[in-house]
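Terminal number for the sequence shown in the working numbering: 115, no gaps in between. Beta carbons: idealized from backbone N, C-alpha and C, even for Gly.
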Amino acid sequence: MDAEFRDWAGVRLPALLRYAHLLTGDAHRAEDVVQTALTKTLLGWSRVHRKDDPEGYVRRTILRLVINDRRRSWREHLTASSPEPPPPRSSSSLSRG
Numbered sequence: 019m020d021a022e023f024r025d026w027a028g029v030r031l032p033a034l035l036r037y038a039h040l041l042t043g044d045a046h047r048a049e050d051v052v053q054t055a056l057t058k059t060l061l062g063w064s065r066v067h068r069k070d071d072p073e074g075y076v077r078r079t080i081l082r083l084v085i086n087d088r089r090r091s092w093r094e095h096l097t098a099s100s101p102e103p104p105p106p107r108s109s110s111s112l113s114r115g
């Protein structure tokens with residue numbers, strides 16, 4: 019791991035966790051999002067650290083991860099029963115038995 023990234027992430031981690039917690043409303047989800055965002059940042063650190071605002075890059079990544087997660091959850095609608103009732107069984111299929 020790049021020592022410069024490790025030092026930067028260690029200093030900025032509390033602020034990034036607070037930001038993610040504000041967005042998610044859940045401390046555990048915030049930790050997951052920050053970990054994913056920092057992993058993505060580390061993979062591109064040679065490019066990201068040359069920019070003027072690496073924290074802005076990480077915060078945008080966190081925001082995009084949270085938005086994508088919410089979009090996925092909006093598309094998923096869990097129900098106790100299937101959305102369509104099963105087709106009625108005909109009396110002929112019951113008598114064949």
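Within its own chain, the residues whose Cβ lies closer than 8 Å to the Cβ of VAL84, once the five positions on either side in sequence are excluded, are ALA38, LEU41, THR42 and VAL51, listed in chain order. Counting only runs of 3+ residues, no beta strand (DSSP E) is found wholly inside the stretch 22-71. The three-state secondary structure of ARG77, taken from DSSP, is helix. DSSP, reduced to helix, strand and coil, places ARG88 within a helical segment of the structure shown. Residue TYR75 holds the alpha-carbon nearest to the alpha-carbon of LEU34 among GLU102, ASP20, TYR75 and HIS67. Across the structure, ARG65 and PRO103 are spaced so that their CA atoms are roughly 54 Å apart.
Under the three-state reduction of DSSP output, ARG82 falls in the helix class.
Non-local beta-carbon contacts of ARG47 in its own chain, meaning distances under 7 Å to residues more than five positions away in sequence, are absent.
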